[in-house]
Amino acid sequence: MPFYCCFWVVLGISVFLWSFSLNYLFPAPFFSPVLLVLIFFLIFSSFADDAGKMVYFNNPMWPGEAHSLKVESILFKEKSDYQEVLVFESSTYGKVLVLDGIVQLTEKDECAYQEMIAHLPLCSIPSPKTVLVVGGGDGGVLREISRHSSVEHIDICEIDKMVIDVSKKFFPELAVGFEDPRVDLHVGDAIEFLRHAPKGKYDAIIVDSSDPVGPAQELVEKPFFETLAQALRPGGVLCNMAESMWLHTHLIEDMISICRETFKGPVHYAWASVPTYPSGVIGFLLCSTEGPPVDFLNPINPIEKLDGAYLHKRELRFYNSEMHRAAFALPSFLKREVRLL
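Counting from 1 along the sequence shown, just add 1045 to a position and that's the residue number in my numbering.
#1: Between which two residues does the beta strand (DSSP E) holding Cys-1304 run?
#2: Considering only their Cβ atoms, is the gap separating Ala-1249 from Pro-1173 smaller than 7 Å?
#3: Who does Thr-1175 pair with in a DSSP beta bridge?
#4: Applying the criterion that 16 or more other CB atoms from any shown protein chain within 10 Å of the CB defines a buried residue, is Asp-1229 buried or exposed?
#5: Alpha carbon to alpha carbon, what distance is there between Thr-1294 and Glu-1382?
#6: Excluding sequence positions up to five away, which residues of its chain have a Cβ less than 7 Å from the Cβ of Thr-1175?
#7: Would you call the segment 1215-1228 and the segment 1186-1196 touching, i.e. three or more CB-CB distances under 8 Å?
#8: With DSSP as the reference, please indicate the residues paired to His-1313 in a beta bridge.
#9: Is there contact between the segment 1199-1211 and the segment 1114-1132, where contact requires at least three CB pairs shorter than 8 Å?
#10: In terms of residue numbering, what span does the beta strand (DSSP E) encompassing Val-1451 cover?
#11: Output the distance between the C-alpha atoms of Pro-1347 and Val-1339, rounded to the nearest integer angstrom.
#12: Quick one: residues in its chain with C-beta nearer than 8 Å to the C-beta of Glu-1117, no 5 flanking neighbours on either side, listed in chain order?
#13: Among Val-1141, Pro-1171, Tyr-1101, Val-1100, which residue has its Cα nearest to the Cα of Thr-1321?
#14: Kindly indicate which residue of Lys-1380, Glu-1349, Leu-1386 has the alpha-carbon position closest to the one of Met-1368.
#15: Answer yes if the segment 1324-1342 comes into contact with the segment 1150-1170, meaning at least three C-beta pairs across the two stretches below 8 Å, and no otherwise.
#16: For Gly-1353, I'd like the list of residues in its chain whose CB is within less than 8 Å of its CB, leaving aside the five on either flank, ordered along the chain.
#17: If distances are taken between C-alpha atoms only, which option among Cys-1304, Glu-1335, Leu-1292, Glu-1306 comes closest to Pro-1323?
#18: Relative to the C-alpha of Ile-1162, which candidate in Leu-1120, Ala-1235, Leu-1283, Pro-1226 has its C-alpha closest?
#19: Apart from the five residues on each side of it in sequence, which residues of its chain come closer than 7 Å, Cβ to Cβ, to Pro-1311?
#20: Assuming Lys-1267 and Ile-1303 make a contact with CB atoms under 8 Å, what is their CB distance in whole Å?
#21: Output the boundary residues of the beta strand (DSSP E) element that contains Val-1228.
#22: Comparing alpha-carbon positions, which option in Phe-1378, Leu-1351, Ser-1377 lies nearest Ser-1366?
#23: Identify whether Pro-1268 lies in helix, strand or coil by the three-state DSSP scheme.
#24: Can you have a look at Asp-1183 and say buried or exposed, based on whether 16 or more other CB atoms are within 10 angstroms of its CB?
#25: Could you name each continuous beta strand (DSSP E) segment of 3 residues or more that falls completely within the segment 1118-1160, going from the start of the chain to the end?
#26: Let me check understanding here. Comparing Cα to Cα, which of Ala-1315, Glu-1360, Leu-1385, Leu-1361 lies closest to Ala-1371?
#27: Would you list the one or two residues that DSSP bridges to Lys-1115?
#28: With 16 other CB atoms within 10 Å as the buried threshold, where does Asn-1285 fall?
#29: If we call anything under 7 Å between Cβ atoms a contact, is Gly-1325 one with Met-1290?
#30: Helix, strand or coil for Ala-1073? Go by DSSP, reduced to three states.
#31: Can you give the Cα-Cα distance for Arg-1359 and Gly-1139, rounded to whole angstroms?
#32: In three-state terms, what does DSSP make of Pro-1376?
#33: With respect to the beta strand (DSSP E) encompassing Met-1286, which residues constitute its N-terminal and C-terminal limits?
#34: Report the residue from Val-1319, Leu-1361, Glu-1306, Ile-1301 whose alpha carbon sits nearest the alpha carbon of Leu-1386.
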């Protein structure tokens, strides 16, 4: 019931009761305001409780904190074979994709994550031709890779087809990446896919996975990184989502240690601001296999000079060469806590 309707209903009831026999219980100046406030409070409280059940989506991040987004409407909610998939319209960040209760992306800030995780590795090597995306079912990473005209083939391995279908329906500006004829979609387990991938096939691999909990824990362990390294050519590059420096320094240190031992080439940690992610930032681990030297800190293949930089009639919103270099500037506390940096 709208607020103004509640007000007029309460006012009418109050005037009616004041006009009849209850008036003798209290003096007239006292009775009407008290009754009006009491009845209004009871009705409005009931209304707020009913409406408040889905007014805010409370995004649990990590123990001790959460981030809430006001919900305007629920657009989709179903259980896939792997996870619960939710899409809602928020009041401040546009449409939001949620998997198993965790925000994966919003229309407003997806650009920071998608652009950085794709262009940090691809702009660090000359003329990448073959790329693998692990995860990335929303299509945003594909959209960004497609800006690189040198790329001839893109494999993407996403385990949950529902994520792909939902993205195509509700996030067409991300899912446009699936329309690129260079894309070869594989629906299934990425670890199994990589076991059958030819050694040295890819110039770049981008791991756009969910947080490393449950089954996804495998994606931050040494056997998985060894499989990735085997699939990269000498001097090939990996960009792996690497959590928040404010919350996960031990995990970051473990990942860096594993990757330095596995890839043999340079390993660097970069970061970007994404407001709806835990602590408002997200990290990326950049690794290179042994071979032609890779300088991640300075883009050898700058996005500004690429013919496809404005593909899909969409300008880059977050990434540029200055942001590329700045992403590797780390705060003092992180350098102290992660001794390998």
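For each residue, glycine too, the CB sits at the ideal point set by N, CA and C.
According to the data block:
#1: It is not in any beta strand (DSSP E) - Cys-1304 instead sits in the alpha helix (DSSP H) that spans 1294-1308.
#2: Result yes, Cβ atoms of Pro-1173 and Ala-1249 sit closer than 7 Å.
#3: His-1198
#4: exposed
#5: 7 Å
#6: Glu-1197, His-1198, Lys-1246, Tyr-1247, Asp-1248
#7: yes
#8: Leu-1331
#9: yes
#10: Look at the range of the chain in this structure, 1046 to 1386, and you will see that residue 1451 is not part of it.
#11: Near 14 Å, if we compare the C-alpha coordinates of Val-1339 and Pro-1347.
#12: Phe-1133, Glu-1134, Ser-1135, Ser-1136
#13: Val-1141
#14: Ranking the options by Cα distance to Met-1368, first place goes to Glu-1349.
#15: yes
#16: Excluding sequence neighbours, Gly-1353 sits near Ser-1191, Arg-1192, His-1193, Ser-1194.
#17: Leu-1292
#18: Leu-1283
#19: Ser-1333, Val-1339, Phe-1341
#20: 5 Å
#21: 1228-1232
#22: Ranking Phe-1378, Leu-1351, Ser-1377 by Cα distance to Ser-1366 puts Leu-1351 first.
#23: The answer is helix: DSSP assigns Pro-1268 an H, G or I state.
#24: The residue in question, Asp-1183, is buried, as its Cβ has 16 or more Cβ neighbours within 10 Å.
#25: 1129-1135, 1140-1144, 1147-1151
#26: Ala-1315
#27: Tyr-1101
#28: buried
#29: no
#30: Residue placement at Ala-1073 cannot be trusted, given a pLDDT of 47 that sits under 50; what the coordinates show is reported in the next sentence. Note: Ala-1073 maps to helix in three-state DSSP.
#31: 17 Å
#32: Looking at Pro-1376 - three-state DSSP - the assignment turns out to be coil, as it is neither helix nor strand.
#33: 1277-1286
#34: Ile-1301
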